[in-house]
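Trainee: Have a look at this one.
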Amino acid sequence: DAEITQSPRHKITETGRQVTLACHQTWNHNNMFWYRQDLGHGLRLIHYSYGVQDTNKGEVSDGYSVSRSNTEDLPLTLESAASSQTSVYFCASSGRLAGGTGELFFGEGSRLTVL
Amino acid sequence: GNSVTQMEGPVTLSEEAFLTINCTYTATGYPSLFWYVQYPGEGLQLLLKATKADDKGSNKGFEATYRKETTSFHLEKGSVQVSDSAVYFCAQSGGSQGNLIFGKGTKLSVKP
């Protein structure tokens, strides 16, 4: 079965370190998204990509970057981790854009703690 | 801008009680509307959706009707079970980046 997987599922790091969260999907979806989930804020969009070599900033992109070298992967990098980036991160993909009633498929999340 | 507002939780119910979780949206145009569910320790998964006014989405005993006149998409279930304990997110397709716009989520706890 096609799926979307994230790794690591749990990560503890120190302030200032670079961290990369991996996201891999086997649906061959063009569209991939990274969200963070925080109490009181719900899900907020960090970065997204519509295809290989395409990356775009979402509403909370400061301190994060992504790259899309193939269809399957969209790694999220925290250049210099800050305590404010302690959160649960979700990767999602879709074969059609949401405006076309496309459903998002989510990974199981990566819980990041920055000390 | 486009947004989704849903009732704040947590909501605690006894098994077999009736559930309503309110959701309203603001949007330019007519977005598709979704309810996602997140079980403990898992990612979000689609529960139901509706793509146009007066459509009713349904799944696993849950229902929601797209009401254009009240810009609402309330989630209902006639008799909840302990296994329905989860966080429920209302969402719309009005994101300018082709993404979904989510509400803040409502945590439901069902007691036996």
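If you read the sequences in order, they're chains A and B.
In case it helps, this note's numbering puts the first sequence at residues 1 to 115.
In case it helps, this note's numbering puts the second sequence at residues 1001 to 1112.
We put the CB at the ideal spot given by N, CA and C, even for glycine.
1. What separation, rounded to the nearest whole angstrom, lies between the Cα atoms of A:Phe105 and B:Tyr1030?
2. Whole angstroms are fine: how far does the CA of B:Glu1076 sit from the CA of B:Asp1084?
3. Since B:Gly1103 meets chain A, which of its residues come closer than 7 angstroms, beta carbon to beta carbon?
4. Check the Cβ-Cβ distances between B:Leu1044 and every residue of chain A, and say whether any is below 7 angstroms.
5. Got a sec: is the Cβ-Cβ distance from B:Leu1048 to anything in chain A below 7 angstroms?
6. Does the Cβ of B:Val1087 have 16 or more other Cβ atoms within 10 Å, making it buried, or fewer, making it exposed?
7. Distance check for B:Asn1099 and A:Glu14, CA to CA, integer angstroms please.
8. Can you give me, in chain order, the residues of the region 44 to 56 of chain A that have a beta carbon less than 9 angstroms from any beta carbon in chain B?
9. Inspect the beta-carbon positions of A:Tyr64 and A:Leu21 and report whether they are closer than 7 angstroms.
10. When you compare only the Cα positions, how much space is there between A:Thr113 and A:Ser83?
11. Classify B:Lys962 as buried or exposed, calling it buried when 16 or more other Cβ atoms lie within 10 Å of its own Cβ.
12. For B:Ala1091, which residues of its own chain have a beta-carbon under 8 angstroms away from its beta-carbon, when the five flanking residues on both sides are left out?
13. Counting only beta-carbon separations shorter than 7 angstroms, does A:Gly95 have a partner in chain B?
14. With a CB to CB cut of under 6 angstroms and the five nearest residues on each side skipped, what residues in its chain are close to B:Thr1001?
15. With distances taken Cα to Cα, identify the nearest neighbour of A:Ala92 among A:Gln53, A:Ser61 and A:His47.
16. Over what stretch of residues does the beta strand (DSSP E) that includes B:Gln1092 continue unbroken?
Mentor: Quick answer:
1. 22 angstroms
2. Approximately 12 angstroms between the Cα atoms of the pair.
3. Gly42
4. yes
5. no
6. With 16 or more Cβ atoms within 10 Å of its Cβ, B:Val1087 is classed as buried.
7. 31 angstroms
8. Arg44, Leu45, Tyr48, Tyr50 and Asn56
9. no
10. 8 angstroms
11. The structure shown does not extend to residue 962 of chain B, since chain B spans only 1001 to 1112, so no value can be given for it.
12. If we look at B:Ala1091 and ignore the five residues flanking it on each side, its Cβ neighbours are Val1004, Leu1033, Phe1034, Trp1035, Tyr1036, Leu1100, Ile1101, Phe1102 and Gly1103.
13. no
14. The amino acid at residue 1001 of chain B is misidentified as Thr; the sequence shows Gly. Contacts found: none.
15. A:His47
16. Residues Ala1086 to Gln1092.
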